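The next block holds one structure in the form of structure tokens; read it before the comments.
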Amino acid sequence: MVNAKHLATFILGAAAGVALHKYLKTDEGEKMVEDLKSKAGDLKTEAEDSLEKIPEYFEQLKNQGSDTLKKYSPEVEKILQDLLDNIRGKGGSAPTTTPPTP
Numbered sequence: 018m019v020n021a022k023h024l025a026t027f028i029l030g031a032a033a034g035v036a037l038h039k040y041l042k043t044d045e046g047e048k049m050v051e052d053l054k055s056k057a058g059d060l061k062t063e064a065e066d067s068l069e070k071i072p073e074y075f076e077q078l079k080n081q082g083s084d085t086l087k088k089y090s091p092e093v094e095k096i097l098q099d100l101l102d103n104i105r106g107k108g109g110s111a112p113t114t115t116p117p118t119p
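So this note's numbering is basically just the index in the sequence shown, starting at one, shifted up by 17.
Written as structure tokens, this is what we have:
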């Protein structure tokens, strides 16, 4: 069932579409469309460049994280390596934990 509110919304939407179409056909409207296309192309190029740099960023993050762990907690590297070796089934010493005292 179509009521007056829905009909008014449709008519206003159609009028806005007609007005936008007429505006885009003017010199100023065409210039705006060209500017939007140019900006969209720039954004696309920037996004593609960023995608190409992602592996480099992750490698840098991995190296910095590893260096920070080594600097501040040298024993963490051995604990993590032992843990990974145990998970993979290579044996090695399990990390020792001290049970809490009551």
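Yeah, the Cβ is synthetic: ideal placement off N, Cα and C, and Gly gets one too. Every value quoted in this text rests on a predicted model; they were computed, and no experiment measured them.
- When rounded, the separation of the alpha-carbon atoms in glycine 106 and glutamate 63 is 45 angstroms.
- In the three-state reduction of the DSSP assignment, valine 35 falls in the helix class, which pools H, G and I.
- Rounded to whole angstroms, the Cβ separation of valine 50 and leucine 60 is 16 angstroms, and the two are not in contact under 8 angstroms.
- In the structure shown, valine 19 falls within a coil segment according to DSSP collapsed to helix, strand and coil.
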